[in-house]
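The structure appears right after this line, and notes come after that.
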Amino acid sequence: MIGGESKISYKWIADTSYMWLVWARKYKAAAFLPEHRFYGDSHPKRDMSTASYQYFSIEQALADLRNFILNINEEFFPNVKTRWIMFGGSYPGLLTIALLA
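Quick note: to get my numbering, add 46 to the position in the sequence shown (first position is 1).
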């Protein structure tokens with residue numbers, strides 16, 4: 047699940063009754079919940095000046111997701127052909143579709 051326009055709630059990954067985690071367990075899949083930059087505790091710069099908001103765009107969010115996938119694949123699945131299933135509602139749903147484009 048992709049984080050969006052709010053702070054991530056850890057219950058979304060810890061509560062194993064959520065259907066997406068039930069499916070992950072059933073199909074022996076890893077589950078991740080990356081937080082969107084500038085929401086929650088994820089800030090690319092310490093200062094929150096106007097200048098730092100140049101890093102707050104859909105393009106940057108998509109680049110973060112691409113880098114997240116590459117890093118996870120390299121670190122945890124180096125010799126495996128991985129398949130990713132991503133989803134989200136509202137803005138994270140838009141990011142999911144844009145990432146596929």
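Here a beta-carbon is modelled for each residue, glycine too, at the ideal position from N, C-alpha and C.
For residue 110, the uninterrupted alpha helix (DSSP H) segment begins and ends at 104–122. Sixteen is the threshold: when 16 or more other Cβ atoms of the shown chains lie within 10 Å of the Cβ of residue 141, as they do, the residue is buried. Between residue 85 and residue 52, the C-beta spacing is below 8 Å. Between residue 80 and residue 111, the C-beta gap is smaller than 8 Å, which places the two residues in contact.
When secondary structure is reduced to three states using DSSP, residue 134 falls in the coil class, being assigned neither helix nor strand.
Scanning 128, 105, 126 and 144 for the CA closest to the CA of residue 134 turns up 144. Sequence-distant partners of residue 59 (beyond 5 residues in either direction) whose C-beta falls short of 6 Å from its own C-beta, in its chain, are 79. Shown here, residue 143 sits in a helix according to DSSP, grouped into three states. Between the alpha carbons of residue 118 and residue 109 lies a distance of about 14 Å.
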